[in-house]
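A.B. asks:
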Amino acid sequence: MSSKLQDFLEKHVYPTQIWQSIFRHGKPINDRNRSLAVLSNVFLHLHPIRLPRYATKYTYTWGMGGMSFLLFLVETVTGILLMFYYHPTATQAYIDIKSLEFDVPFGMLLRNMHRWGAHLMVLTVWFHMFRVFMTGSYKKPREFNWAIGVLLLTITLFMSFTGYLLPWDQLAMWAITVGTNMARAVPFLGHEGPFSNLLGLRIDNDIRFALLGGTTVGGPTLLRFYVLHCIAVPFVMSFLLAVHFWRIRKDGGISGPQSARLANLNKVTQVKAALGKKEESTVAQPPKTE
Amino acid sequence: MFRWEFFLEIIKKPDNIPIILLIIALIVYTWIALYKAFDNDKRLAEGRPVWEAEPHNQEKVHTWPHLLNIEFIAAIILMAGLTLWSVFLNAPLEEPANPGVTPNPSKAPWYFLGLQEMLVYFDPWIAGVLMPTIIIIGLMAIPYIDTNPKGNGYYCWKDRKFAISVFMFGWFLWMILIVQGTILRGPGWNFFWPGEYWDVHKVVPLVNVNLYELLNIDPKTFWLIREMPALILLGLYFLLIPYIVSKIYRKFYEDLGFARYTVTMILLLLLMSLPIKMILRWTLNLKYILVTPWFNI
Ligand code: HEM
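Chains as they are written, first to last, in this note's numbering: chain U, -18 to 271; chain L, 304 to 600.
(1) According to DSSP, PRO402 of chain L sits in a beta bridge with which residue or residues?
(2) Just curious, the beta strand (DSSP E) that PRO33 of chain U is in, first and last residue?
(3) To test your reading of the DSSP string, which unbroken beta strand (DSSP E) runs of 3 or more residues are found completely within the segment 25 to 99 of chain U?
(4) Measuring only between beta-carbons, confirm whether LYS248 of chain U sits less than 8 Å from chain L.
(5) Just list the alpha helix (DSSP H) runs in the segment 319 to 386 of chain L, keeping only unbroken ones of 4 residues or longer that don't cross its boundaries, in chain order.
(6) Looking only at C-alpha atoms, which of U:LYS231, U:SER219 and U:PRO238 sits nearest to LEU51 of chain U?
(7) Answer yes if the segment 32 to 51 of chain U comes into contact with the segment 328 to 348 of chain L, meaning at least three C-beta pairs across the two stretches below 8 Å, and no otherwise.
(8) On a Cα-Cα basis, can you pick out the residue from U:PHE206, U:PHE190, U:THR158 and U:ALA223 that is closest to GLY403 of chain L?
(9) Less than 7 Å separating the Cβ of GLY46 of chain U from some heavy atom of the ligand HEM?
(10) Pick from L:ILE569, L:ARG563, L:LYS554 and L:LYS523: whose alpha carbon is nearest that of TYR540 of chain L?
(11) When you compare the CB positions of TYR75 of chain U and PRO406 of chain L, do they come within less than 8 Å of one another, or not?
(12) Would GLU312 of chain L be called buried (16 or more neighbouring beta carbons within 10 Å of its own) or exposed?
(13) Determine the chain U residues that contact GLU398 of chain L at a beta-carbon separation under 8 Å, and present them in chain order.
(14) To the nearest angstrom, how far is it from the Cα of PHE216 of chain U to the Cα of LEU209 of chain U?
(15) Quick one: does SER116 of chain U have its CB under 8 Å from some CB of chain L?
(16) Grab the span of the alpha helix (DSSP H) containing TYR145 of chain U for me, first residue to last.
(17) Hey, does TRP597 of chain L have any beta-carbon neighbour from chain U nearer than 8 Å?
(18) Please name the residue in L:ILE438, L:MET421, L:ILE437 and L:THR436 whose C-alpha comes closest to that of ALA430 of chain L.
(19) Are LEU180 of chain U and PHE169 of chain U close, meaning C-beta to C-beta below 8 Å?
(20) Look at the alpha carbon of PHE87 of chain U and the alpha carbon of HIS68 of chain U, and state the distance between them as a whole number of angstroms.
(21) Roughly how many whole angstroms lie between the Cα atoms of SER409 of chain L and ILE326 of chain L?
(22) Thinking C-alpha only, which one of L:LEU518, L:ARG346, L:PHE495 and L:LEU396 is nearest VAL507 of chain L?
(23) By the three-class DSSP mapping on this structure, what secondary structure does ARG183 of chain U have?
(24) Would you verify that the beta carbon of ARG287 of chain U is, or is not, closer than 8 Å to some beta carbon of chain L?
(25) Using a Cβ-Cβ distance under 8 Å, would ALA191 of chain U count as near chain L?
(26) Take the Cβ of LYS120 of chain U as the centre, count every other Cβ of all protein chains shown within 10 Å, and call the residue buried at 16 or more, exposed below.
(27) Can you tell which of U:GLY130, U:ILE30 and U:ASN11 has its C-alpha closest to the C-alpha of LEU20 of chain U?
(28) Mind listing the chain U neighbours of ILE569 of chain L? Cutoff is C-beta to C-beta under 9 Å, in chain order.
(29) Just how far apart, CA to CA, sit LEU593 of chain L and ILE212 of chain U?
(30) Tell me whether ASP426 of chain L is buried or exposed, calling it buried when 16 or more other Cβ atoms sit within 10 Å of its Cβ.
(31) Looking at the structure shown, is VAL432 of chain L part of a helix, part of a strand, or coil, going by DSSP?
(32) With contact counted as at least three CB pairs below 8 Å, one residue from each stretch, are the segment 132 to 142 of chain U and the segment 465 to 475 of chain L in contact?
(33) Let's test the definition: count the other Cβ atoms within 10 Å of the Cβ of ILE10 of chain U and tell me whether it reaches 16, buried, or not, exposed.
(34) With burial defined as no fewer than 16 other Cβ atoms inside 10 Å of the residue's Cβ, what is the status of GLU530 of chain L: buried or exposed?
(35) Take the Cβ of ALA394 of chain L as the centre, count every other Cβ of all protein chains shown within 10 Å, and call the residue buried at 16 or more, exposed below.
(36) Reducing DSSP to helix, strand and coil, say where ASN599 of chain L ends up.
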């Protein structure tokens, strides 16, 4: 930065009440201020202030969880923009998608980013799971967060699936027809599934009918999938993401070899261990996080 | 006969591009994980700390700049890559939806093709409902049935041979079915070699037979009697195998306890049922093992 601008900022911007009300810490020029910056920013605060060096290495986490989240944000932003141009009706949907290509400035780029981002996200979430497995990070005390993760994976797939119908072209309609045909076969609940007669199910009252809003993929299906895709499922997903991120911190931050965590035993446990409570000293407790 | 144009026609479908990424990622990340695992095995054997536990790597560093830097770089690379991909490759849009015209093959999106591929070997209620449910529940159960305290928070292989082998087996089975469903399944969900012409009129004789037919049992026999061999086989599979394994691998059984052992074995046997059914189909043209008035297996 040119020193003139620097001077101006120092004199007339940083000291103002407005600036100081937004940034409650000094410039990030030393560790103290940078720590405060991480602490006092709601988004950066997802991170701990400090962490062991291996956890910052790409070869440990592969960055797959973070990339999944970034792609989730990309999908949210591009998705909201797409909603401005889209009607979930059988007569209008296809035309709207066409007009994205021909009428809307950067409409095609928008649609492409949304679609390829979704495909990529399926991959990053899968490989995130693969990494977590390979580092054994699902083990105590992270069992529950792994389970939350599996739900996130399921929901990621379901998001992609519901979105696939929305362009309302042949590809969309038939992929969803094939996919939802499975629902015919749900035991007890689908009209072609085992034991469907127990509940008196027919093609027009089984679980597939509930999903499609009809006996075939049609206008009502489009509306249902639209609401699921744009509102219901993202809502559930945001909720689970919040739990997932919270638990990463509460489970003691990023996983690591046992010895590391033993070295990080929190004060209370150390005191108990010193008093001779053997149990506590051998079982690694996650370090408390601020 | 292998013809590039037919091969490329399928590979180059915009929605199949992620499959190429998938294959590359499978190779790269399996290699990274195993490389690091074997490296740590070596360190442990030599009595040195694992890579993650080295003093240098255990040192605490500040999130800003050490973590934020690399996150920022990763985010930029990801966004740049996604933008380029989106600039150069358009999302497909075919003819408007038309319930009267069924495309052949009609395929689900690629990430579901593993399930669609399973439909070849199992009835829809197994392939489309039971298996996905078991996969989800089975994955969620992993931390609760794998009680091995070793290998928590670092790459390794020697300390977790069983867990890693089983997971990798399921993982690669899943991925291979997806790749196969995308690239090797054509019209009528028939099998086509890479580079083979996807002939809509390819006729594959339906020669699949049920177990009782293989055994020459009269189909008109009362079903419970007709299916006796099948019931016995399934009984042996789901009851005798766990019993024998628990006797041979006593320690494994005792470490897990009855409940965990049972769940582990059920999941394992269900996982193995897929390749078993695949092999029976290829070798004996077996369609169903068990045929009942309500469902078939
Ligand atoms: C939308 C999907 C998901 C998002 C956005 C997400 C995000 C994250 C992030 C950012 C982390 C921090 C460490 C890292 O980046 O590796 C993390 C850790 C973790 N995730 Fe996920 N995740 C998702 C799905 C999953 C799935 C499918 C699983 C497992 C089945 C899972 C299990 C875990 C566990 C156990 C940790 C702790 C790992 C450790 O401490 O080393 N997550 N997740």
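Every residue, glycine too, gets a C-beta built ideally from N, C-alpha and C.
C.D. replies: According to the structure shown:
(1) By 1-based counting over the second sequence, the position of residue 402 of chain L is 99. Answer is none; PRO402 of chain L lacks a bridge partner.
(2) By 1-based counting over the first sequence, the position of residue 33 of chain U is 52. Unbroken beta strand (DSSP E) run through PRO33 of chain U: 31 to 33.
(3) 31 to 33
(4) Against the first sequence, residue 248 of chain U aligns to sequence position 267. Note on LYS248 of chain U: pLDDT 40, under 50, position unreliable in the model; the coordinate value appears next. False, the Cβ-Cβ gap to chain L never drops below 8 Å.
(5) 320 to 348 and 358 to 361
(6) As a first step, residue 51 of chain U is located in the first sequence; it is residue number 70 there, counting from the start. For LEU51 of chain U, the nearest C-alpha among the options comes from U:SER219.
(7) yes
(8) Residue mapping note: residue 403 of chain L aligns to position 100 of the second sequence, counting from 1. The residue with the shortest Cα to Cα distance from GLY403 of chain L is U:THR158.
(9) Numbered from its first residue, the first sequence carries residue 46 of chain U at position 65. Within the cutoff, so yes.
(10) Taking the second sequence and counting its residues from 1, the one referred to as residue 540 of chain L is at position 237. TYR540 of chain L has its Cα closest to that of L:ILE569, out of L:ILE569, L:ARG563, L:LYS554 and L:LYS523.
(11) Along the first sequence, read from residue 1 onward, the residue named residue 75 of chain U stands at position 94. Along the second sequence, read from residue 1 onward, the residue named residue 406 of chain L stands at position 103. No, Cβ-Cβ distance for TYR75 of chain U and PRO406 of chain L is not below 8 Å.
(12) As a first step, residue 312 of chain L must be located in the second sequence, where it is residue number 9. Label assigned to GLU312 of chain L: exposed.
(13) Taking the first residue of the second sequence as 1, we reach residue 398 of chain L at position 95. Chain U residues near GLU398 of chain L: ASP150 and GLN151.
(14) Stepping through the first sequence from its first residue, residue 216 of chain U is reached at position 235. Stepping through the first sequence from its first residue, residue 209 of chain U is reached at position 228. Going from the Cα of PHE216 of chain U to the Cα of LEU209 of chain U covers about 9 Å.
(15) The residue you call residue 116 of chain U lines up with position 135 of the first sequence. Sequence check: residue 116 of chain U is Thr here, not Ser. Yes - at least one Cβ of chain L is within 8 Å of the one on THR116 of chain U.
(16) Position 164 of the first sequence, counting from 1, holds the residue named residue 145 of chain U. Start and end: 124 to 146.
(17) Numbered from its first residue, the second sequence carries residue 597 of chain L at position 294. At least one chain U Cβ lies under 8 Å of TRP597 of chain L.
(18) Taking the first residue of the second sequence as position 1, residue 430 of chain L is located at position 127. Taking only the C-alpha atoms, the option nearest ALA430 of chain L is L:MET421.
(19) Working through the first sequence from its first residue, we reach residue 180 of chain U at position 199. Working through the first sequence from its first residue, we reach residue 169 of chain U at position 188. A contact, by the Cβ cut-off of 8 Å.
(20) Your numbering for residue 87 of chain U matches position 106 in the first sequence. Your numbering for residue 68 of chain U matches position 87 in the first sequence. Spanning the two alpha carbons is a distance of roughly 19 Å.
(21) Translated into positions along the second sequence, residue 409 of chain L becomes position 106. Translated into positions along the second sequence, residue 326 of chain L becomes position 23. Taking the straight line from one Cα to the other gives about 23 Å.
(22) Stepping through the second sequence from its first residue, residue 507 of chain L is reached at position 204. Checking every option, the nearest Cα to that of VAL507 of chain L belongs to L:PHE495.
(23) Along the first sequence, one-based indexing puts residue 183 of chain U at 202. It is coil, neither helix nor strand.
(24) The requested residue 287 of chain U is not part of the displayed model; chain U covers only -18 to 271.
(25) As a working mapping, residue 191 of chain U is identified with position 210 in the first sequence. False, the Cβ-Cβ gap to chain L never drops below 8 Å.
(26) As a working mapping, residue 120 of chain U is identified with position 139 in the first sequence. The residue is buried, with at least 16 neighbouring Cβ atoms inside 10 Å.
(27) As a working mapping, residue 20 of chain U is identified with position 39 in the first sequence. The option with the nearest alpha carbon to LEU20 of chain U is U:ILE30.
(28) Here residue 569 of chain L corresponds to residue number 266 of the second sequence, with the count starting at 1. Residues of chain U passing the Cβ test: none, with the nearest at roughly 17 Å.
(29) By 1-based counting over the second sequence, the position of residue 593 of chain L is 290. By 1-based counting over the first sequence, the position of residue 212 of chain U is 231. Roughly 43 Å between the two C-alpha positions.
(30) Along the second sequence, read from residue 1 onward, the residue named residue 426 of chain L stands at position 123. When all chains shown are included, ASP426 of chain L counts as buried.
(31) Start at 1 with the first residue of the second sequence, and residue 432 of chain L comes out as number 129. VAL432 of chain L: helix per DSSP, three-state reduction.
(32) Cβ pair count under 8 Å is below three, so no.
(33) Your numbering for residue 10 of chain U matches position 29 in the first sequence. ILE10 of chain U should be labelled exposed.
(34) In the second sequence, the residue the question calls residue 530 of chain L occupies position 227. Answer is buried; the Cβ neighbour count reaches 16.
(35) Numbered from 1 along the second sequence, position 91 holds the residue referred to as residue 394 of chain L. Under this definition ALA394 of chain L is a buried residue.
(36) As a position in the second sequence, residue 599 of chain L is number 296, starting the count at 1. Three-state DSSP puts ASN599 of chain L in a strand.
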